[in-house]
Amino acid sequence: MVQSINTKVDLVIDATSHMGISDYGKIMIGDKGFEFFNNRDARKFIQIPWVEVEYVIASVMFKGKWIPRYAIQTKRNGKYTFSSKEQKKVLRTIREYVDPNQMVQSLSFLDVIKRGLKSKFKK
Numbered sequence: 001m002v003q004s005i006n007t008k009v010d011l012v013i014d015a016t017s018h019m020g021i022s023d024y025g026k027i028m029i030g031d032k033g034f035e036f037f038n039n040r041d042a043r044k045f046i047q048i049p050w051v052e053v054e055y056v057i058a059s060v061m062f063k064g065k066w067i068p069r070y071a072i073q074t075k076r077n078g079k080y081t082f083s084s085k086e087q088k089k090v091l092r093t094i095r096e097y098v099d100p101n102q103m104v105q106s107l108s109f110l111d112v113i114k115r116g117l118k119s120k121f122k123k
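For what it's worth, full-length UniProt numbering labels the leading residue of the sequence shown as 1, then goes sequentially.
Okay, here's the thing in structure tokens:
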């Protein structure tokens, strides 16, 4: 069994990890870090200490009415993408441990297109 890095747990919720093939499991948010444990395979887990978190990126749609997924950008190991049943509750719990300036919105589809066109015409 996997040892948890947290000593106090604030939130446990069903979630999906979008790392390659989607894995279903539970997210555990506590005082030491963010953890994802797979339901079926105990060897598939993700543990991210709060000191490693560089950004929390939320994909916001319909002016904040719907958040389909969120990602955690780490300082060394890249980006981990998750979705859960109550995304706003998860993000509010993460905000207690991560600086609110490190929580950002991802670019919308139109913003990506605008940046692409600007870079094309700049050349």
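Idealized CB from N, CA, C, for every residue including glycine.
Under the 8 Å Cβ criterion, the region 98-118 does not count as touching the region 74-88, having fewer than three qualifying pairs.
In this structure Phe121 is exposed. Its beta-carbon is surrounded by fewer than 16 other beta-carbon atoms within 10 angstroms.
The distance from the Cβ of Ile27 to that of Ala15 is about 4 Å, consistent with a contact at the 8 Å cut-off.
The alpha carbon of Glu54 has as its nearest neighbour, out of Val104, Asn38, His18, the alpha carbon of Val104. Annotation: Val60 to Val2 spans about 33 Å, alpha carbon to alpha carbon.
Counting only residues of its own chain and dropping the five nearest sequence neighbours on each side, Tyr70 has a CB closer than 8 Å to the CB of Val56, Ile57, Ala58, Ser59, Thr81, Phe82, Ser83, Gln87, Val90, Leu91. For Ile13, same chain residues with a beta-carbon under 8 Å away, outside a window of 5 residues either side, are Lys26, Ile27, Ser84, Lys85, Glu86, Lys89, Val90 in chain order.
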